[in-house]
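**Student:** Questions regarding the structure given below will be posed in turn.
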């Protein structure tokens with residue numbers, strides 16, 4: 001899914017105040033991390049993920065791999081943090097970061 005520049009700007013503004021929900025460390029993308037990312041995207045639609053891996057290339061590879069597996073769009077990558085977006089099938093106004 002491709003985002004317009006206006007949507008990206010809006011999502012980056014919302015994402016600025018969010019804290020990382022998931023931290024990916026030395027073990028990489030385990031099944032539990034992917035399940036949690038899938039659940040968080042369904043609930044919140046827009047999430048921050050922190051990647052605590054040393055190598056810059058490995059980090060970029062993990063970010064793109066995670067986005068592909070959970071079918072999310074990468075809104076922004078800054079340092080060790082990625083902002084991911086996936087539209088929920090049934091958004092909950094109490095949980096969604098976009099509807100609050």
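Residue numbers (full-length UniProt numbering): 1 to 100.
The beta-carbon is built from N, C-alpha and C at its ideal position, and this holds for glycine as well.
Between residue 19 and residue 81, what straight-line distance do the alpha-carbon atoms span, to the nearest angstrom?
**Tutor:** Taking the straight line from one Cα to the other gives about 10 Å.
**Student:** In the structure shown, what three-state DSSP assignment does residue 25 receive?
**Tutor:** Residue state, collapsed to three classes: coil.
**Student:** Note down the Cα distance separating residue 21 from residue 73, rounded to an integer number of angstroms.
**Tutor:** Between residue 21 and residue 73, the C-alpha separation is close to 16 Å.
**Student:** Helix, strand or coil: which one does DSSP assign to residue 73?
**Tutor:** Residue 73 falls in the strand class under three-state DSSP.
**Student:** Report all residues from its chain with a CB closer than 7 Å to the CB of residue 98; omit the five preceding and five following residues, and keep chain order.
**Tutor:** Cβ within range, chain order: 14, 45, 46.
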